[in-house]
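Asks: First the structure, then my questions, so here it is.
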Amino acid sequence: MQAPKGTYDVLPADQPLREKIFGEARRILNTAGYGRISTPTFEDTSLFERGVGGSSDIVRKEMYTFEDKGGRSLTLKPEGTAPVVRAYIQHGMHKLPQPVKLWYYERMFRFERPQAGRYREHYQLGAEAIGSGDPALDAGMIMMMSELYESLGVPDVELRLSSMGDGNCRPAYVKRLSGFLKSVSDQLCEDCRERARLNPLRVFDCKHRSCQAALADAPKLIDNLCQDCQVHFDSVRKFLEPFGRSYRLDGTLVRGFDYYTRTTFEYECARLGAQKGIGGGGRYDNLVEELGGPSTPAAGFGTGMERIVLALESAGISGKQPGVDVFMISFGDDARQEAAIILHRIRGLGLIADTDYAGRSVKGQMKQANRLGARLAVIIGEDEVAAGRATVRDMESGRQSAVAFASVAEWIRERLA
RNA sequence: GUGGCUGUAGCUCAACUGGUAGAGCUCCGGACUGUGGAUCCGGCGGUCGUGGGUUCAAAUCCCAUCAGCCACCCCA
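Numbering of the first sequence is given in numbering that gives the first Met the number 0, commencing with residue 0 and proceeding in unit increments.
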């Protein structure tokens, strides 16, 4: 038996680093006034069809869609924004002071071919601020991500920034681009011709040299923004400026969801290979309305737990398990009985305490205490039972003390304080 | 979904042109009758990813399949 393709177990040794990442994200988001939201693992399929968009690969071929016994079509969530927006609408959050700022840490599911850094089930940290079109918000999102990566020590992080325009300027631009693509159609690869038909903006993602060459003179959306979008974009950049966050202005940056408008951004870790995108996001001013809510501007970001982990590991950064304070060593029936009582008391004082359940020899138990990095070992054998006093050994110095059973727990707490 | 590489003990890896699986680390024990981190010794541990096929004989060759990895694709 093995875990299904593209899934994996997070083992105890993996947890500390993940918890550190989660903890940093929580700290940053909480200090920025974001409240955590959890949404269901699955949603009505139509939520993603309408939200993410029919021309996206995710909806076209990567969703885990199934029918439940009531005949409903449900889908394991492939991304986090649509469900949060659904919750915003469902709970009438537009009546709360705006914007409503929410963050999440959730599992995402996509039927993709797995690879290092790409899984069929992965964890994403994300945030959404719904109900504000303020460009300062876009910049704030970008800076929160920067702060997260920086505080964790993610190496070689690069930021790409662009604008997708809005309903005012994008359609006209797409028409222009389509015309251009038609004129160079014979120089494009098969995929690009398909893209030209479905979602022309995505041709810019193509890695084929010939396509890149053919696109060299293509009109860029970023040069064809309408007045409002241009003002907005300039403002985002202005808000970013004082922070000194370097970025690459990239008119070819197109994210994989249809709902983005105006600002889009993507963070990459240069040492991650093909799956180097560690996080991204942008503004989605039409999504709330498209999902049945009032016309509401919003922005958000998402970042991948696994990719952050890989990036940190590539820099030799790891998490460490909390060390054991006390290891209880005992042998003989009476002694084991006494040890169990004392162990319970020590734990009750909030100390991390463990003992042997494997029938190890005294030497073996000492070894285990050492292996766990215990600061103190409490030894209880026949002699100790007879004297009513436990032997407490300092694992570093090797010094031992005899302490009465009744007070040994408190004695240890003071000793370790 | 496409192409390629890989798959031997819990981990890292060996095993010649096919001859029937071994080391280091880990773990358990002993040397050290109730005391760890060093050393030495011993022990536990393997459907050779799985299923077929070729062969007197397959970890080794062939086919299929599963999984991982790399690139494409896509994205976190």
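Even for Gly, the Cβ is constructed at its ideal location relative to N, Cα and C. As the structure is a prediction and not an experimental result, all values here were calculated from the model.
Going by C-alpha to C-alpha distance, which of A389, P82, L95, L147 sits closest to A403?
Replies: In the first sequence, residue 403 corresponds to position 404, counting from 1. Of the candidates A389, P82, L95, L147, the one whose C-alpha sits nearest the C-alpha of A403 is A389.
Asks: Buried or exposed for I379, going by 16 or more other Cβ atoms inside 10 Å?
Replies: Residue 379 sits at position 380 when you count from the first residue of the first sequence. Buried, by the Cβ-count rule.
Asks: Of the residues P3, T251, E193, which one's Cα is nearest the Cα of L160?
Replies: Counting from one through the first sequence, the residue named residue 160 turns up at place 161. The candidate whose alpha carbon is nearest that of L160 is T251.
Asks: Using only CA atoms, which one of G280, G291, E289 lies nearest to T302?
Replies: On the first sequence, residue 302 is found 303 positions in, with the first residue counted as 1. Of the listed residues, the one whose Cα sits closest to T302 is G280.
Asks: Give the range of the beta strand (DSSP E) segment to which K174 is assigned.
Replies: Position 175 of the first sequence holds residue 174. Counting along the chain, K174 falls outside any beta strand (DSSP E), though it belongs to the alpha helix (DSSP H) covering 169-182.
Asks: Is the stretch 257-277 touching the stretch 89-108 in the sense that three or more CB pairs, one from each, lie closer than 8 Å?
Replies: Verdict: no, contact absent.
Asks: Report all residues from its chain with a CB closer than 6 Å to the CB of M304; omit the five preceding and five following residues, and keep chain order.
Replies: For the purposes of this step, residue 304 is taken as the residue at position 305 of the first sequence. The residues are Y122.
Asks: For a test of the three-state rule: what should DSSP assign to S145, helix, strand or coil?
Replies: By 1-based counting over the first sequence, the position of residue 145 is 146. Looking at S145 - three-state DSSP - the assignment turns out to be helix.
Asks: Since I believe G125 is in contact with D257 (beta carbons under 8 Å), could you give me their beta-carbon distance rounded to a whole number of angstroms?
Replies: Indexing the first sequence from 1 puts residue 257 at position 258. Indexing the first sequence from 1 puts residue 125 at position 126. That belief does not hold up - the Cβ atoms of D257 and G125 are roughly 18 Å apart, past 8 Å.
Asks: Quick one: Cα of P154 to Cα of S313, how far?
Replies: The residue you call residue 154 lines up with position 155 of the first sequence. The residue you call residue 313 lines up with position 314 of the first sequence. Cα-Cα distance, rounded: 8 Å.
Asks: Do you know how far the Cα of M327 is from the Cα of V308?
Replies: In the first sequence, the residue the question calls residue 308 occupies position 309. In the first sequence, the residue the question calls residue 327 occupies position 328. Approximately 35 Å, taken between the alpha carbons.
Asks: Among residues of its own chain, excluding the 5 on either side of L286, which ones have a beta-carbon nearer than 8 Å to its beta-carbon?
Replies: As a position in the first sequence, residue 286 is number 287, starting the count at 1. Cβ within range, chain order: G50, T80, A81, V84, Y258, A297.
Asks: Thinking C-alpha only, which one of G69, I57, L375, E381 is nearest I351?
Replies: Counting from 1 along the first sequence, the entry for residue 351 is found at position 352. Of the listed residues, the one whose Cα sits closest to I351 is L375.
Asks: With a Cβ-Cβ cutoff of 8 Å, do F300 and M107 count as a contact?
Replies: Stepping through the first sequence from its first residue, residue 300 is reached at position 301. Stepping through the first sequence from its first residue, residue 107 is reached at position 108. No, these two residues do not count as a Cβ contact at 8 Å.
Asks: Just to confirm before moving on: does the CB-CB distance between T38 and A115 stay below 8 Å?
Replies: By one-based count along the first sequence, residue 38 stands at place 39. By one-based count along the first sequence, residue 115 stands at place 116. Cβ atoms of T38 and A115: not closer than 8 Å.
Asks: Pull up the CB-CB distance for S72 and T44, whole angstroms please, since I reckon it's below 8 Å.
Replies: As a position in the first sequence, residue 72 is number 73, starting the count at 1. As a position in the first sequence, residue 44 is number 45, starting the count at 1. Confirmed, about 4 Å.
Asks: Measure how close the beta-carbons of D382 and Q367 come, nearest whole angstrom, since I'm counting them as under 8 Å.
Replies: Against the first sequence, residue 382 aligns to sequence position 383. Against the first sequence, residue 367 aligns to sequence position 368. With 8 Å as the limit, D382 and Q367 do not qualify as a contact, their Cβ atoms being about 21 Å apart.
Asks: In whole angstroms, what separates the C-alpha of K420 from that of G347?
Replies: Nothing can be reported for residue 420, as the shown portion of the chain is limited to 0 through 416.
Asks: Let me check one thing: in DSSP terms, what residues is E42 bridge-paired to?
Replies: As a working note, residue 42 is residue 43 in the first sequence. Note: E42 sits in a beta bridge opposite T74.
Asks: So for Q123, helix, strand or coil by DSSP?
Replies: For the purposes of this step, residue 123 is taken as the residue at position 124 of the first sequence. In the structure shown, Q123 sits in a strand (DSSP, three-state: E or B).
Asks: Hey, could you find the ends of the beta strand (DSSP E) R208 is sitting in?
Replies: Along the first sequence, read from residue 1 onward, the residue named residue 208 stands at position 209. From DSSP, R208 is part of no beta strand (DSSP E) but of the alpha helix (DSSP H) over 208-214.
Asks: Are F232 and R261 closer than 8 Å when you measure CB to CB?
Replies: Reading the first sequence from its first residue, position 233 is the one you call residue 232. Reading the first sequence from its first residue, position 262 is the one you call residue 261. Cβ atoms of F232 and R261: closer than 8 Å.
Asks: Starting from the C-beta of S131, find all residues in its chain whose C-beta is less than 7 Å away, skip the five residues before and the five after it, and write them out in chain order.
Replies: As a working note, residue 131 is residue 132 in the first sequence. Contacts found: Q97, P98, P296.
Asks: Could you compute how far the alpha carbon of H93 sits from the alpha carbon of P293?
Replies: Residue mapping note: residue 93 aligns to position 94 of the first sequence, counting from 1. Residue mapping note: residue 293 aligns to position 294 of the first sequence, counting from 1. Near 8 Å, if we compare the C-alpha coordinates of P293 and H93.
Asks: Using DSSP's beta-bridge definition, name the partner residues of Y104.
Replies: Position 105 of the first sequence, counted from the start, is the residue given in the question as residue 104. Beta-bridge pairing links Y104 to L124.
Asks: Can you list, in chain order, the residues of its chain with a C-beta nearer than 6 Å to that of R35? Leave out the 5 residues immediately preceding and following it.
Replies: Along the first sequence, one-based indexing puts residue 35 at 36. So the list reads W102, once near-sequence residues are dropped.
Asks: Quick one: grab the DSSP three-state call for I351.
Replies: For the purposes of this step, residue 351 is taken as residue 352 along the first sequence, with counting starting at 1. Coil.
Asks: Can you check DSSP and say which residues form a bridge with R247?
Replies: By one-based count along the first sequence, residue 247 stands at place 248. R159, per the DSSP bridge assignment.
Asks: Between E66 and the rest of its own chain, which residues show a CB-CB distance below 6 Å, the 5 nearest in sequence each way excluded?
Replies: As a working note, residue 66 is residue 67 in the first sequence. Cβ within range, chain order: S72.
Asks: Determine which residues share a DSSP beta bridge with I378 and list them.
Replies: Sequence index remark: in the first sequence, residue 378 carries index 379 (1-based). I328, T390.
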